[in-house]
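**Student:** Here it is, the structure in full.
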Amino acid sequence: MHPAAEHSPLGKSSEYIATYTPSLLFPIPRAAKWAELGLTAETLPYKGVDFWNCFELSWLLPSGKPVVAIGEFSIPADSPNIIESKSFKLYLNSLNQTPFADNAGLEATLVKDLSAAAGKPVGVRIRRLQEVEAEGVVALPGVCIDELDISVSNYEHPRPELLRCDESRIVEESVHSHLLKSNCPVTSQPDWGSVAVEYRGAALDHASLLEYIVSFRQHSDFHEQCVERIFLDLQRLLKPEKLTVYARYVRRGGLDINPYRSTEEVQLPNHRLVRQ
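Residues in the sequence shown are numbered from 4 upward in steps of one, following this note's numbering.
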């Protein structure tokens with residue numbers, strides 16, 4: 004477990020406060036998890052963002068009438084801190100009985116508080132339900148590898164040694180799987196996700212990738228570190244010209260977390276999948 008997470012509200016009984024309380028936000032430094040992967044803030048081999056979507060965002064108008072919306076938050080992948088997920092939910096719930104003059108006032112408050120917790124500017128969009136509804140859901144790009152016939156016996160830890168590639172063939176492709184599962188390192192609750200890999204490099208053996216993804220099934224780690232581990236293991240194997248790895252996780256407590264990591268400065272989408 005991350006040492007800072009022991010002091011977070013995750014896995015503990017919590018009072019739900021319904022009036023604005025920014026002190027509820029609990030930052031967790033990324034440095035310890037980066038160190039586990041052999042990284043520092045100065046040596047990150049990727050660019051990226053963590054998209055958080057909140058489906059339980061509500062506040063009051065000056066008249067006292069409540070408003071509901073969907074919040075989209077983009078936290079830079081190189082920010083000094085992640086925000087512990089339960090504290091994020093508690094903070095957002097503290098807006099429930101808090102009046103704001105308009106969306107702009109709420110958005111400015113969210114930007115200020117979340118940026119202070121993350122240690123870098125956080126992007127915020129307050130989205131009307133009709134806008135998100137009109138977008139619908141999308142499919143991940145490329146080939147789904149979930150129907151491949153594999154035998155699996157290892158679920159406890161990620162096993163990069165399972166990954167294979169054909170160095171004699173250079174390909175550019177997108178593949179994805181919906182079989183990503185890991186466990187929360189604090190509560191041991193399951194985290195369900197879909198993962199996509201887009202790259203140009205040595206041809207990746209799809210069956211070996213699926214075996215590798217399934218090896219995360221009983222692994223305990225935060226969403227962000229699972230994606231970073233997959234990115235690093237594929238980068239070492241494929242030596243790619245370009246590589247993007249991202250996961251779309253199923254929401255818990257009204258929040259979903261979607262980490263993107265890439266060698267490229269790309270305009271990353273935040274489109275919902277069918278399980279989201």
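Glycine included, C-beta positions come from ideal geometry on N, C-alpha and C.
#1: Run through DSSP, which three-state label would E136 get?
#2: With distances taken from CA atoms, which of I260, D149, F225 and T266 is nearest I216?
#3: Can you tell me whether DSSP reads S88 as helix, strand or coil?
#4: Of the residues N106, S191 and E45, which one's Cα is nearest the Cα of L281?
#5: For F91 and C187, what's the separation of their Cα atoms in angstroms?
#6: Since E75 and F103 should fall inside the 8 Å C-beta cutoff, what is the C-beta to C-beta distance between them, to a whole number of angstroms?
#7: Return the residue from the list L47, A35, V52 and A34 that minimises the CA-CA distance to V269.
#8: Using only the alpha-carbon positions, how far apart do P1 and S61 sit?
#9: In terms of residue numbering, what span does the beta strand (DSSP E) encompassing A35 cover?
#10: May I ask which residues mark the beginning and end of the alpha helix (DSSP H) holding Y202?
#11: Taking Cβ positions, are E175 and Y202 nearer each other than 9 Å?
#12: If I measure Cβ to Cβ from E138 and keep anything under 8 Å in the same chain, skipping five residues before and after, which residues do I get?
#13: If you follow the beta strand (DSSP E) that F234 is part of, which residue opens it and which one closes it?
#14: For I20, which residues in the same chain have their Cβ closer than 8 Å to its Cβ, ignoring the five residues on either side in sequence?
#15: Pull up the distance between the alpha-carbon of P163 and that of T101, whole angstroms please.
#16: Excluding the 5 residues preceding and the 5 following V146 in the sequence, name in chain order all residues of the same chain whose CB lies nearer than 8 Å to its CB.
#17: Name the DSSP bridge partner or partners of C187?
#18: Count the CB pairs spanning the stretch 193-201 and the stretch 226-242 that are closer than 8 Å, and state whether there are at least three.
#19: Determine the DSSP secondary structure at L182, reduced to helix, strand or coil.
#20: How is T247 classed by DSSP in three states: helix, strand or coil?
#21: Return the CA-CA distance between L132 and E87, expressed in angstroms with no decimal places.
#22: Buried or exposed: which applies to S218, given that a residue is buried once 16 or more other Cβ atoms fall within 10 Å of its Cβ?
#23: For I173, name the three-state secondary structure that DSSP assigns.
#24: DSSP on E164, reduced to helix/strand/coil?
#25: V70 bridges to which residues according to DSSP?
#26: Confirm, please, whether the CB-CB distance from W195 to R278 is below 9 Å.
#27: Given a threshold of 16 other Cβ atoms within 10 Å of its Cβ, counted over all protein chains shown, does T266 qualify as buried or as exposed?
#28: Using 9 Å as the threshold, is the C-beta distance between P32 and P83 below it?
#29: Between P124 and K115, what straight-line distance do the alpha-carbon atoms span, to the nearest angstrom?
**Tutor:** So, from the listed chains and residues:
#1: Taking the sequence shown and counting its residues from 1, the one referred to as residue 136 is at position 133. In the structure shown, E136 sits in a helix (DSSP, three-state: H, G or I).
#2: Here the question's residue 216 lines up with position 213 in the sequence shown. Taking only the C-alpha atoms, the option nearest I216 is D149.
#3: Here residue 88 refers to the residue found at position 85 when the sequence shown is read from its first residue. Reduced to three states, the DSSP call for S88 is helix.
#4: The structure shown does not extend to residue 281, since the chain is modelled only from 4 to 279, so the question has no answer here.
#5: Taking the first residue of the sequence shown as 1, we reach residue 91 at position 88. Taking the first residue of the sequence shown as 1, we reach residue 187 at position 184. Taking the straight line joining both Cα atoms gives about 15 Å.
#6: Within the sequence shown, the letter at position 72 stands for residue 75. Within the sequence shown, the letter at position 100 stands for residue 103. Contact doesn't hold; Cβ gap of about 17 Å is too wide.
#7: Within the sequence shown, numbered from 1, the residue matching residue 269 stands at position 266. Ranking L47, A35, V52 and A34 by Cα distance to V269 puts V52 first.
#8: Because residue 1 is not part of the residues shown, which for the chain are 4 to 279, the question remains open.
#9: Here residue 35 refers to the residue found at position 32 of the sequence shown. Looking at the DSSP string, A35 is not in any beta strand (DSSP E); the run it does join, the alpha helix (DSSP H), is A34 to E39.
#10: Numbered from its first residue, the sequence shown carries residue 202 at position 199. Careful: Y202 lies outside any alpha helix (DSSP H), inside the beta strand (DSSP E) at P193 to L207.
#11: In the sequence shown, counting from the first residue as 1, residue 175 sits at position 172. In the sequence shown, counting from the first residue as 1, residue 202 sits at position 199. For E175 and Y202, yes; Cβs fall inside 9 Å.
#12: Along the sequence shown, one-based indexing puts residue 138 at 135. Counting only Cβ-Cβ distances below 8 Å, and skipping sequence neighbours, we find H274 and R275.
#13: Counted from its first residue, the sequence shown places residue 234 at position 231. Premise fails: F234 lies in the alpha helix (DSSP H), H226 to L241, not in any beta strand (DSSP E).
#14: Numbered from its first residue, the sequence shown carries residue 20 at position 17. Hits under 8 Å: L27, L93, N96 and S97.
#15: To locate residue 163, count along the sequence shown from 1; it is residue 160. To locate residue 101, count along the sequence shown from 1; it is residue 98. Straight-line Cα distance between these residues: approximately 48 Å.
#16: Within the sequence shown, residue 146 is the residue found at index 143, counting from 1. Hits under 8 Å: E176, S177, V178, H179 and H209.
#17: Residue 187 sits at position 184 when you count from the first residue of the sequence shown. Answer is none; C187 lacks a bridge partner.
#18: yes
#19: Taking the sequence shown and counting its residues from 1, the one referred to as residue 182 is at position 179. Correct three-state label for L182: strand.
#20: By one-based count along the sequence shown, residue 247 stands at place 244. DSSP places T247 in strand when its eight states are reduced to three.
#21: Residue mapping note: residue 132 aligns to position 129 of the sequence shown, counting from 1. Residue mapping note: residue 87 aligns to position 84 of the sequence shown, counting from 1. Roughly 26 Å separates the two Cα atoms.
#22: Position 215 of the sequence shown holds residue 218. By the neighbour-count rule (16 or more Cβ atoms within 10 Å), S218 is buried.
#23: Translated into positions along the sequence shown, residue 173 becomes position 170. Strand at I173.
#24: Position 161 of the sequence shown, counted from the first residue, corresponds to residue 164. In the structure shown, E164 sits in a helix (DSSP, three-state: H, G or I).
#25: Within the sequence shown, the letter at position 67 stands for residue 70. The partner list for V70 (beta bridge, DSSP) reads W62.
#26: For the purposes of this step, residue 278 is taken as the residue at position 275 of the sequence shown. For the purposes of this step, residue 195 is taken as the residue at position 192 of the sequence shown. Result yes, Cβ atoms of R278 and W195 sit closer than 9 Å.
#27: For the purposes of this step, residue 266 is taken as residue 263 along the sequence shown, with counting starting at 1. When all chains shown are included, T266 counts as buried.
#28: Indexing the sequence shown from 1 puts residue 32 at position 29. Indexing the sequence shown from 1 puts residue 83 at position 80. It is a contact, given that the beta carbons lie within the stated cut-off.
#29: Here residue 124 corresponds to residue number 121 of the sequence shown, with the count starting at 1. Here residue 115 corresponds to residue number 112 of the sequence shown, with the count starting at 1. If I take the Cα positions, the gap works out to 8 Å.
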